[in-house]
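Report on the following structure.
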């Protein structure tokens with residue numbers, strides 16, 4: 018058996034999943050006009066993706082969100098559950114916040130809105146192929162706010178005894194913010210933050226800030242930074 022050609026190993030192999038033939042044709046032409054990128058397969062349906070991936074061994078999968086037999090997100094979830102899956106770049110008409118967040122949660126490594134320029138698409142494909150993550154200018158600025166909002170909803174679900182504002186304060190505490198920083202983040206008085214934390218302690222049956230942080234992080238909140246003392 019011949020050893021792999023190091024030059025061919027650097028070629029980005031792309032699988033396009035989209036149900037519009039003209040769009041696939043145009044995207045393929047744009048991709049293959051660039052050096053080092055080749056479209057190795059195409060698919061139109063969610064059900065076709067596993068076989069297409071196994072057969073063509075793509076470096077990157079470009080996935081539409083809306084497909085005839087379901088959501089491209091279902092295909093993403095199936096792929097990321099496999100061993101050593103190819104990264105997925107979503108390329109869709111939707112710039113809806115809910116779809117963007119769902120794509121991130123499903124495991125997509127990039128999200129572009131159709132209409133992105135050729136250079137932006139090429140940059141995204143190469144970035145994702147290299148192990149990075151990339152998001153179009155239309156959506157990148159909203160990601161932090163979306164993830165923060167998802168974290169707030171998660172906190173409320175994990176600690177239903179807390180009010181929405183108390184869950185928000187708990188998450189900020191778990192992220193390592195002191196009372197002054199939390200007050201600035203929420204645009205409230207520091208005394209209000211202290212009152213919220215007192216109520217959180219009572220409802221979670223903890224006596225110290227460290228215990229509250231431990232409870233929150235045990236449930237997946239916060240980001241692992243050390244929290245200042247109360």
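Residue numbers (the numbering used here): 18 to 247. Ideal Cβ placement from N, Cα and C applies to all residues, glycine included. All figures in this text were calculated on a predicted structure; none of them were measured in a lab.
| said: I'd like the span of the alpha helix (DSSP H) that includes residue 71, first residue to last. | reply: 66-73
| Rounded straight-line distance, which links the Cα of residue 94 to that of residue 60 | 17 Å
| message | Considering only DSSP beta bridges, list what residue 109 is partnered with. | response | 130
| task | Could you check how far apart the C-beta atoms of residue 69 and residue 51 are, in whole angstroms? I think they sit under 8 Å. | result | Rounded, the Cβ-Cβ distance is 22 Å, inconsistent with contact.
| said: I believe residue 106 touches residue 71 by the beta-carbon criterion, under 8 Å. Please report the beta-carbon distance rounded to the nearest angstrom. | reply: 19 Å between Cβ atoms; not a contact.
| field | residue 218 versus residue 236 - alpha carbon distance | value | 16 Å
| said: Distance check for residue 128 and residue 111, CA to CA, integer angstroms please. | reply: 10 Å
| query | For residue 39, is the classification buried or exposed, using 16 other Cβ atoms within 10 angstroms of its Cβ as the cut-off for buried? | reply | exposed
| Short check: CB of residue 254 to CB of residue 120, under 8 Å? | Past the edges of the chain, shown from 18 to 247, lies residue 254, and the structure says nothing about it.
| said: Using only the alpha-carbon positions, how far apart do residue 198 and residue 238 sit? | reply: 18 Å
| Run through DSSP, which three-state label would residue 205 get? | coil
| message | Output needed for residue 200: all residues of its chain with C-beta closer than 8 Å, excluding positions within five of it in sequence on either side, in chain order. | response | 206, 207, 209, 210
| request: Report the rounded CA-to-CA distance for residue 149 versus residue 79, giving the unit in angstroms. | output: 15 Å
| task | Select from 231, 35, 191, 183 the residue whose C-alpha is nearest the C-alpha of residue 88. | result | 35
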